[in-house]
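This report concerns only the one structure given below.
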Amino acid sequence: MTLGKLCALLVAPLMLIVGFGASFAGAFALIAGLLAGSEDGPPTCDGKVMRPGDQCMVSINGQRSSAGYDEMIRRREDTPRNSLILGSSCLGGGVVLLLGGWGIVRRMGSSDNW
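Okay, so the sequence shown: first residue is 4 according to our numbering, each after it adds one.
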């Protein structure tokens with residue numbers, strides 16, 4: 004067995020598994036982004052309605068910070084767009100990995116001259 008065929012035997016299943024997972028996660032995020040509509044009304048913080056001038060303590064990547072009323076409105080409006088971007092990127096990357104892994108599997112099965 005050549006080194007190329009050994010690498011292909013290891014890489015192809017990984018590409019298929021990761022490609023399937025990324026495609027599934029991307030499709031889920033894409034659907035969530037399409038279904039998420041911008042909410043009407045004032046923003047909320049921990050389930051409580053905010054008013055102009057209020058501050059909300061938020062945690063991002065383990066760091067706590069405060070976000071004002073306008074910032075919370077901006078974040079709420081950006082969520083559907085961000086979900087669409089993330090979902091389409093993951094879905095596209097997952098499909099590329101699936102096609103690449105499937106291509107390697109097909110080539111290995113059809114050719115004895117690896």
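By construction, the Cβ of each residue, glycine as well, lies at the ideal position given by its N, Cα and C atoms.
Review point. Can the beta-carbon of Leu-94 be found less than 8 angstroms from the beta-carbon of Gly-29?
Key: Yes. Within cutoff.
Check your understanding: For Met-18, which option in Gly-96, Ser-113, Gly-112 has the closest C-alpha, if you only look at C-alpha atoms?
Key -> Measuring from the Cα of Met-18, the nearest candidate turns out to be Gly-96.
**Study point:** Distance CB(Ser-86)-CB(Ala-32) smaller than 8 angstroms
**Key:** In terms of Cβ geometry, Ser-86 and Ala-32 form a close pair [threshold 8 angstroms].
Review point. Going along the chain, which unbroken runs of the beta strand (DSSP E) with 3 or more residues stay wholly within the segment 37 to 79?
Key: Segments of the beta strand (DSSP E) lying fully in the segment 37 to 79: 58 to 63, 66 to 71.
Review point. Using the C-alpha atoms, what's the distance from Val-108 back to Cys-10?
Key: Looking at the two C-alpha atoms, the distance is approximately 12 angstroms.
Check your understanding: How should Pro-55 be labelled, buried or exposed, when 16 other C-beta atoms within 10 angstroms of its C-beta is the threshold for buried?
Key -> By the neighbour-count rule (16 or more Cβ atoms within 10 Å), Pro-55 is not buried but exposed.
Review point. For the candidate residues Val-14, Lys-8, Phe-23, whose alpha-carbon lies nearest to that of Val-98?
Key: Closest option to Val-98, judged by alpha-carbon separation, among Val-14, Lys-8, Phe-23: Phe-23.
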